[in-house]
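A.B. asks: Protein chains in written order, with the numbering used here: chain A, 1 to 277; chain B, 1 to 96; chain C, 1 to 305. All C-beta atoms in this analysis are idealised placements derived from N, C-alpha and C, irrespective of residue type, glycine included.
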Amino acid sequence: MSEALAAVAVALADDELVIGHRHSEWTGLAPHIEEDVAFSSIAQDEIGHAAALYTLAGAIVGRNPDALALGRDPSEYRNAVLCERPNGDWAYTLARHWLYDTAEDVRLEALARSADDALRALATKMRREERYHLLHAGTWLERVAQGPVEGRTRIAEALARAYRDALALFEPLEREEEAVRAGWLPDASTELRSRFAQRATGQLDRLGLPTDIGAVADEAAEFVASSSGDLLAAGPAPPEPAVASGGGGRRGRHSADFEALWEEMTRTYRVSPGATW
Amino acid sequence: MDTFEVFRRAGHKEPFTHCGAVIAPDPEMALLLAKECFLRRREGTRLWVVRRSDVHSLEDASLLELAADKSYRFASDYRDVVAKRERARRRAEALR
Amino acid sequence: MTYEEKLARFGERLESGDKVETEDWMPDDYRRGVLKFIEMHANSEIMGALPERECLPHAPTLKRKMSLAAKIQDEVGHSQLLYRVAEDLGKSREAMYTDLLHGRSKFHNVFHYPVFGWGDVAVIGWLIDGAALVTQAALLDSSYAPYTRVLKRICAEEQLHLRHGEDITLELASGTDVQRGMFQDALDRWWLPIMHFFGPRTDRGKDLLLRWRVKTRTNEDLRQEFLDRYVPKVLELGFTFPDPVPREEDGHWVVGDSDIDWAPLDRIKRNQGPETARRLELRRRIHEQHRWVREALSEPAVHAA
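1) Would you list, in chain order, the members of the segment 107–135 of chain A that have their beta-carbon closer than 8 Å to a beta-carbon of chain B?
2) Taking C-beta pairs closer than 9 Å, name the residues in chain A that residue 117(C) reaches, listed in chain order.
3) Answer with yes or no whether the minimum CB distance from residue 49(A) to chain B is below 9 Å.
4) Could you please give me the residues that DSSP links to residue 20(B) through a beta bridge?
5) Quick one: is residue 47(B) near chain C, going by C-beta distance under 9 Å?
6) From what residue to what residue does the alpha helix (DSSP H) around residue 79(B) run?
7) Rounded C-beta distance between residue 133(C) and residue 159(C)? I'm assuming under 8 Å.
8) Classify residue 25(C) as helix, strand or coil using the three-state DSSP reduction.
9) Within 10 angstroms of its Cβ, does residue 152(C) collect 16 or more other Cβ (buried), or is it exposed?
10) Taking only runs that begin and end inside the segment 108–135 of chain C, name each unbroken alpha helix (DSSP H) of 4 or more residues, in chain order.
11) Hey, residue 100(A) and residue 45(A): beta-carbon distance below 9 Å or not?
12) What are the complete alpha helix (DSSP H) segments, minimum 4 residues, inside the segment 18–69 of chain B?
13) Grab the span of the alpha helix (DSSP H) containing residue 180(A) for me, first residue to last.
14) Out of 209(A), 71(A), 66(A), 187(A), state which residue places its alpha-carbon closest to the alpha-carbon of residue 158(A).
15) Given a threshold of 16 other Cβ atoms within 10 Å of its Cβ, counted over all protein chains shown, does residue 79(A) qualify as buried or as exposed?
16) Please list, in chain order, all residues of the same chain as residue 28(A) whose beta carbon is under 8 Å from its beta carbon, the five residues on each side excluded.
17) Taking 6 Å as the limit between beta carbons, can you name the residues of its chain near residue 117(A), skipping five residues before and five after?
18) Does any C-beta atom of chain A lie closer than 9 Å to the C-beta of residue 63(C)?
19) What separation, rounded to the nearest whole angstrom, lies between the Cα atoms of residue 50(C) and residue 111(C)?
20) If you draw a straight line from the C-alpha of residue 150(C) to the C-alpha of residue 294(C), how long is it?
21) If the criterion is Cβ atoms closer than 9 Å, does the pair residue 68(A) and residue 58(A) meet it?
22) How about residue 215(C) and residue 37(C): do their beta carbons lie closer than 9 Å?
23) For the alpha helix (DSSP H) that contains residue 287(C), what are its first and last residues?
24) Quick check on this structure: which residue in 23(A), 207(A), 83(A) has the alpha carbon closest to the alpha carbon of residue 166(A)?
25) If we require 4 or more residues per run, which alpha helix (DSSP H) segments fall completely within the segment 85–110 of chain C?
26) For residue 201(C) and residue 193(C), what's the separation of their Cα atoms in angstroms?
27) Measuring alpha carbon to alpha carbon, tell me which of 165(C), 243(C), 13(C), 220(C) ends up nearest residue 77(B).
28) Given residue 162(A), which residues of its chain have a CB within under 8 Å of its CB, disregarding the five upstream and five downstream residues?
29) When the cut-off is 9 Å and only beta carbons count, does residue 169(C) lie next to chain B?
30) Measuring only between beta-carbons, confirm whether residue 63(B) sits less than 9 Å from chain A.
31) Specify the secondary structure class of residue 212(C) as computed by DSSP and reduced to three states.
32) Going by other Cβ atoms of all chains shown within 10 Å of its Cβ, with 16 needed for buried, is residue 73(C) buried or exposed?
33) Pick helix, strand or coil for residue 292(C), following the three-state DSSP scheme.
34) Suppose contacts are defined by Cβ-Cβ distances below 9 Å. Is residue 107(A) in contact with residue 12(A) by that definition?
35) Along the alpha helix (DSSP H) that carries residue 234(C), what are the first and last residues, could you check?
36) Which residues bound the beta strand (DSSP E) around residue 249(C)?
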């Protein structure tokens, strides 16, 4: 039964690993040298959180954290699609960073009340580090939002692009019902999702940024990707949001960008699985 | 009048260090007063003053704690180097 | 005091081992020479982040992913420290960065080369950082005091990087044949660039930086220290050297100036190394795409909430 707990931990670990991986791609190239240093710490923190969550899951399923992180097939990863999107420019990175960490705070707030001792303790610890992430993302967002028009426009556009993906962070997790029933997940994802949406739009409003991104997101969910990658209007409402609109990650459906990321991320590990590095 | 924080550097090797504060009407006066308050026994070879209101502090000091395992940032994480050298040497010998 | 008198007194000061501070009088040659030297060091730290950045995505464990990220982070931090010291000599960081992007200034030869895999991380982390530490430790006694103050922290962090690099090396050396092959392959490619790293024999008469005591030791002296320290360690692990193969002479491991093919280094000095254009282009593109970030950081808020 506690395998449901492991499944939850793995999904959240996958989020942390993949977004940490993306964040770390800025290393050495961030648009400001001091920020390069600061953002690297955030990337390291996320990977560290992934390690802690994989350790928790690994203890249940009997696998070591590195094997969970790097030794699975792409379709076994349960991260939300948001985390795997390419960095794009600093505006997209910042928008995603802010949305992701706001969402994570909502989730950790709930997990800090988990009935599972280990998960509760870990969530409490992670929240301490996430406070810096939130401050960092919020301070940057405020600076750009209140600055010259080009930055303001870019960040507004990036937020609109990332928002529907961010909502899909709260797609139901695998075996979530079991985990909720056991009290491991104190709140269901749908509930966290509306809490997140409320908090995010409230803060955007305070910064004078457009808050109608929720409407854009709902509209976007009506579209699915055709095989050519173009967005086509769907006939009847699709049963579940497609990868193109940010959904599917929790069921192991990922974008082509994830395939490339996975190839690269697991490249050395796959040379000799089980070897010591 | 304002409070000015006083920094001095002794020699070439160490960075400026904080050594106290003076109350003065302006930076020029603060420097003159700080010289006698803090460097009258050759405690330093350079002197700075900074208006207290220009000093910004991180209010939430708990942000400075390491909340998670950052052992990899410290040399202590590589303490077992001698044993590892020995193991690698044995592996190399076995190949000869 | 006439200029000649000032110059003579400055020379005497340096001769006696006294150090120079930013606000002290110094000849223009000294200021320019020190600025150029520290600027190149700063450039090298930030350009040095790129080869390892290319390896970071395929780190083989979570811990290695974090520790390599932390190591590159330190290097970017070093460039931050060094650019600040250089700025005080009269050139803004923006100007230095722009010169770097447009190939108008230099960075160390080893960062002009491609990387292929995890073996490169081991060689860079152990041998190249080892070489860098030998040269940087020699600068701790440089005549320009602000430089020595930041070098103290830089050398301490480099010491950690060296441990990190050796640790990775030792795992490869103790590992499977494939893992050992990764190190050997990287060593084969990096050995010549590492020999170049120290530069050709110093011409004592012409080297102004040596005369001003900004540098304290000659290139050949530093290379010798590196060879004596690292060659036995590499051999002990059962790896072999490509050309120029170090030979044992009178208790030293020797690679003579004439054993080294200097042509690749000459190309790199003209910013024509194998990866120079691609890495500078990447940096330039990102820099140009993010003008708006610099504006957002430097201009006052126009949209108050």
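C.D. replies: The short version:
1) 125, 126, 128, 129, 131, 132, 135
2) 267, 268, 271
3) yes
4) 6(B)
5) no
6) Per DSSP, residue 79(B) belongs to no alpha helix (DSSP H) and is neither H nor E.
7) 7 Å
8) Correct three-state label for residue 25(C): coil.
9) exposed
10) 118–123
11) no
12) 27–38
13) Its alpha helix (DSSP H) spans residues 176–181.
14) 209(A)
15) buried
16) Around residue 28(A): 36.
17) none
18) Closer than 9 Å to some Cβ of chain A, the Cβ of residue 63(C) qualifies, so yes.
19) Roughly 8 Å separates the two Cα atoms.
20) 26 Å
21) yes
22) In this structure, residue 37(C) lies closer than 9 Å to residue 215(C) by Cβ.
23) That run of the alpha helix (DSSP H) goes 276–289.
24) 83(A)
25) Here the runs fully enclosed are 93–101.
26) 15 Å
27) Nearest C-alpha to residue 77(B): 165(C).
28) Only 82, 85, 92, 95, 96, 99 meet the Cβ criterion.
29) yes
30) yes
31) coil
32) buried
33) helix
34) At the C-beta level, residue 107(A) and residue 12(A) come within 9 Å of one another.
35) 219–236
36) 247–249
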